[in-house]
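A.B. asks: In the working numbering, the protein residues as written are 8 to 1285.
Just so you know, even glycine gets a beta-carbon here, dropped at the ideal spot from N, CA and C.
Everything numeric in this text was worked out from a predicted model, so none of it was measured.
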């Protein structure tokens, strides 16, 4: 995550990596060298390169005074490699000079200690000066407070280790040493910054022990003593001054909070309520010292690492939101480490573990921890979005749109759907969560809290007795809510229709109803609820349904209903996979344990639990959750039934880890008719057997994995079977559960919701007519097409051929196949990345698409699909650089650029041809392969690709080993420097040397030297001939071309059909709604890694590994509709320089009908990847695109935005790295043995275009038809 906004200064990146570097001698006499013990010294370059995938460029390293000084002489050779490699790779090392160790024979308490340390620090700073830059960050002494505590308990074997006042005097001496070190280092590096690190702690007295309160307070206050001494607040005789407390480093782990006296930890993983939130601890330090902070060390151990780092990121964002100058977070250790006192015990605390098996280079190999890595990426997205936003906006989240939420559930109640969704949406919107009023005697007030970053919970307190959002509350609530209503038109989001009367005063820009339950069926539901819901459905612009049953119930009542079933936080619940975890509340409860967590109310079936307990008195039934709306006395009481009450969300995985069977003992009544239990996927994440009553949203999608029982006897029998399952059966069950869980996430759900929030026109309500089932649905998608938007669940169906993906390839294949074909697509419309969206009169494509082909068949298809809805025009493709427009391709149209640039480009091309580099292709060869990226999304014929690459090889006698060298060999250093290198780095996001060259010829224009010179001497004429023209639908955007297939399809088309599992052994595909289809042949157009992921364990490990190794980049399209016509005559423009976008597609020039009256639409394309994440998102990204469009002169300062939205293309371009070909070949070879045919850009993992997609679909259809005919022939012979 690169930081360009200064929020991380003086650090290069907000996220940092720390390498364990302790070098002290332990109490037992073990002399430590932790960098050697972890293998870091032998793997410096490799370790640093691992950080690239996370965008980490700031690292913390330790020198080690004990290691560097021998007999008064300094030897820094052992840090030279780290310093040099970091400099080469562009990393910033923040060095720690003393990490608990000092030279043997030196007494810490002697007068010599301070000057000896200052001398060492000066020498170290001199050694590092050539590598460290002008303003390095140094830590003279790591953890003065911890070191002094260690001295007091004899942790270090050193002279005078048993001195009675070792802790107190040691702290004073270390402060003196740190002050002297700062002065010595500044003499070498006057601009050096100093990071003073110590543990951040919280200590509290045990409950009821008031006699221990003072001791706890003293412990807590001691954490500030060293910092106070450094800045001169305490013990001024030591020489402290504010300049010595420059940057404050805070080291924080799960064990940093405890009870005084008992020393019992306040466990983070159990959600101990007495813990003080990290953000409050950070704010306390900020308020005390008013200095920049760094969370200098943090990590967790074992299975909780991912959950911990995400929690730390959220707390960091909260701290910044409330004003803390928190400049970064350092993961420490980044590589796992052994224990100081027991080298055989490794802590399992790193982002990478160290392999302990093997010999030589195999030993200590780096092993990634996938859940930790996934969580870190989530954490980086959160801090990247919010920490910069808060820091730059003065902690107010300005610039973000507001979502005002009305909920019948309180935020601090059971953590479920609202919290999962809104805490994630808060990365992009300011969330105001309004709870039902609470009675209090006095004037109405709002109690505000911030339980999550960018989430404000508002609890109205009124003197009105009526419950909930009752009409009697309205007169009090309306003026209270005016205090939190933003100036702009907010999104108003309802979980309860009862709050609808509060809507008019909020001036909503968009109204959302997230229907997570059929509240009218619940016990004690307000009598007006049904009426209010009907009114809300008439007013809402968007309706989200919390499960398939609710979707079916609501979709006929609103035209814009979307099914978003509850998902799962796999990072959180993967902790349950470690069966060594557990919860003390059930530690004394025997096994087997059958468990349930959730609300215990009218939806819970007590008789079923009683039957379980009575049938098997040796079974232990564990019930976790609050009891509501029913009499607790009515619940069964048995010795083997344990009611453990409501527990924190953090603790749930630790309960699961100790269970043998998970229960869903729901009653069969109106209250459960539409429920979609969140916990079913959480149970699956724990990979435990599940037994449920026949709840529709469990039985239909998951009935093949969850045991469904409709009577008490059947429920008991299902539990017996679960406990008796063999290891093999459990392994199959676990694999199936893992596949389901991996196919969903709350993040993915939020991304889809966010796209709808950003693209749905406001004020629509339910005014669109809802088509009757079986009639209007098919017609809406295209006459003649058998379209079923959401087929009701039924028995498995058999099809001759199933096609996954209704993009151009899938549509072309379905076009050429017969009636026994099933075409599936997860979206609501066909087209894949060739879809278009409509927004307030504007039409935008998913990135720029145009129609071009030299193939007569494809040209005929264009005419067949579009008829008269087709127009052609001459293309206008340009490059903007040096504040000048030149025609594309850059190298053939240099005229107009500054003379020095033209000279450099021409000289470089000549040198490449004749002098300093191997010769480029001959003019004849270059002219023969002078193909261009003639389509706005790239693409030429595959034969031309091969020929164009072969030509320079033949001319030069050798091929370029990578893309970067290819650029220099073919065009020379000038064109490389001014266009080809910066543009392609911007587009591909990876080092160009990591890309091979097999794809280049047909993608990269190769004009000859004569053309380069001619294009520099005079303006290049407008392109002429067939290659210069392109087609585009006159109306409907590129979507019209895709929708043109629909009347011609003979088979069935299923939209909103998300494939979540592919089982090649059984020839079965499984949809997200639970339906299954058995196929004879499967044609996949989905991205190749995604297909292998859905296949899961049925794919051999080598195939899974090869698929995981395939790399791609993503593209975010920011669509802008401005209130000015004819802003340019160009069609698309390339930007190699500092703009955030690499290309702009001027959608309004593709067809005038893409523009709203008086407006013009354009698309800014921004590539991103794990190696180059998006620097901004949401409104901030839109604002940046507008600013850059103005900076390059495409827009004006006074241009007014009519429309702004974003579309995301997670898979946009295949990265042709050096391993791609072998990995693709391996995966394809295995899939070809499974009756799976691959077709299309992403499935074949190739780089080609929509016209080639038409041909690929046709070719795949012909292949399948041939295979089917062969099978029929074989059958007849047999």
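On the criterion of 16 or more Cβ atoms from any shown chain inside 10 Å, does residue 218 qualify as buried, or is it exposed?
C.D. replies: exposed
A.B. asks: Along the beta strand (DSSP E) that carries residue 492, what are the first and last residues, could you check?
C.D. replies: Neither: residue 492 is in no beta strand (DSSP E) and is coded neither H nor E.
A.B. asks: May I ask whether a heavy atom of the ligand MG can be found less than 6 Å away from the beta carbon of residue 903?
C.D. replies: Of the ligands one can find in the structure shown there are none, so the ligand MG has no counterpart to examine.
A.B. asks: What are the uninterrupted segments assigned as alpha helix (DSSP H) that are 4 or more residues long and contained completely in the segment 604-689, given in chain order?
C.D. replies: 613-622, 659-663
A.B. asks: Report the three-state DSSP secondary structure of residue 1193 (helix, strand or coil).
C.D. replies: helix
A.B. asks: Along the chain, where does the beta strand (DSSP E) that runs through residue 274 open and close?
C.D. replies: It is not in any beta strand (DSSP E) - residue 274 carries neither H nor E in the DSSP assignment.
A.B. asks: So what does DSSP say about residue 422, is it helix, strand or coil?
C.D. replies: coil
A.B. asks: Where does residue 573 land, buried or exposed, given buried means 16+ other C-beta within 10 angstroms?
C.D. replies: buried
A.B. asks: Reducing DSSP to helix, strand and coil, say where residue 295 ends up.
C.D. replies: helix
A.B. asks: At what residue ranges does the segment 1141-1176 contain a whole run of the alpha helix (DSSP H), taking only runs of 4 or more?
C.D. replies: Qualifying alpha helix (DSSP H) stretches, in chain order: 1154-1157.
A.B. asks: Is residue 55 helix, strand or coil when you go by DSSP?
C.D. replies: Under the three-state reduction of DSSP output, residue 55 falls in the helix class.
A.B. asks: Could you tell me which residues DSSP puts in a beta bridge with residue 1216?
C.D. replies: According to DSSP, which records beta bridges pairwise, residue 1216 is partnered with 1122.
A.B. asks: With three or more beta-carbon pairs closer than 8 Å as the criterion, would you say the segment 11-30 touches the segment 58-73?
C.D. replies: yes
A.B. asks: Any idea if residue 1259 is buried or exposed, counting beta-carbon neighbours within 10 angstroms, 16 or more meaning buried?
C.D. replies: buried
A.B. asks: Leaving out five residues before and five after residue 300 in sequence, what residues of the same chain have Cβ atoms less than 7 Å from its Cβ?
C.D. replies: 255, 257, 289, 292, 293, 331, 332, 333, 334
A.B. asks: Under 7 Å between the Cβ atoms of residue 1273 and residue 1246?
C.D. replies: no
A.B. asks: Just checking my contact of residue 386 with residue 320 at CB under 8 Å: how many whole Å lie between their CB atoms?
C.D. replies: 3 Å
A.B. asks: Can you check which of these residues, 198, 913, 990, 764, is closest to residue 1020 by C-alpha distance?
C.D. replies: 913
A.B. asks: Tell me which same chain residues have a C-beta within less than 7 Å of the C-beta of residue 1102, skipping the five on either side of it?
C.D. replies: The answer, listed in chain order, is 1069, 1071.
A.B. asks: Look at the alpha carbon of residue 239 and the alpha carbon of residue 287, and state the distance between them as a whole number of angstroms.
C.D. replies: 25 Å
A.B. asks: Can you tell me whether residue 168 is helix, strand or coil according to DSSP?
C.D. replies: coil
A.B. asks: Can you tell me which of 1144, 215, 716, 413 puts its alpha carbon nearest to the alpha carbon of residue 269?
C.D. replies: 215
A.B. asks: Note down, one range per segment and in chain order, each alpha helix (DSSP H) of at least 4 residues found wholly within the segment 1061-1117.
C.D. replies: 1095-1102, 1108-1115
A.B. asks: Name the DSSP beta bridge partners of residue 65, please?
C.D. replies: Under DSSP, residue 65 forms a beta bridge with 23, 99.
A.B. asks: Leaving out the 5 sequence neighbours to the left and right, which residues in its chain are closer than 6 Å to residue 282 when beta-carbon positions are compared?
C.D. replies: 264, 273
A.B. asks: So what's residue 319 in DSSP terms, helix, strand or just coil?
C.D. replies: helix
A.B. asks: Within 8 Å, do at least three Cβ pairs link the segment 691-702 to the segment 717-727?
C.D. replies: yes
A.B. asks: Is residue 342 closer than 7 Å to residue 357 when the C-beta atoms are compared?
C.D. replies: Yes, they are a contact pair.
A.B. asks: Which same chain residues, not among the five before or five after residue 378, have their C-beta less than 6 Å away from its C-beta?
C.D. replies: Closer than 6 Å at the Cβ level, and outside the excluded window around residue 378, lie 313, 578, 581.
A.B. asks: Counting Cβ pairs, one atom from each stretch, are 3 or more of them under 8 Å apart for the segment 1147-1162 and the segment 842-859?
C.D. replies: At 8 Å Cβ cutoff, the stretches touch.
A.B. asks: Using three-state DSSP, classify residue 1259 as helix, strand or coil.
C.D. replies: For residue 1259, the three-state secondary structure derived from DSSP is helix.
A.B. asks: Using CA coordinates, which residue listed in 1119, 1145, 1140 is at the minimum distance from residue 1177?
C.D. replies: Scanning 1119, 1145, 1140 for the CA closest to the CA of residue 1177 turns up 1119.
A.B. asks: Which residue comes first and which comes last in the beta strand (DSSP E) that contains residue 408?
C.D. replies: 408-413
A.B. asks: Check for me: the beta strand (DSSP E) holding residue 361 runs from which residue to which?
C.D. replies: 359-361 is the extent of the beta strand (DSSP E) around residue 361.
A.B. asks: Could you check if residue 531 is buried or exposed, using at least 16 other CB atoms within 10 Å of its CB as the buried criterion?
C.D. replies: exposed
A.B. asks: Among all the DSSP beta bridges, which residues are the ones paired with residue 858?
C.D. replies: Residue pairing of residue 858 in beta bridges, as defined by DSSP: 1038.
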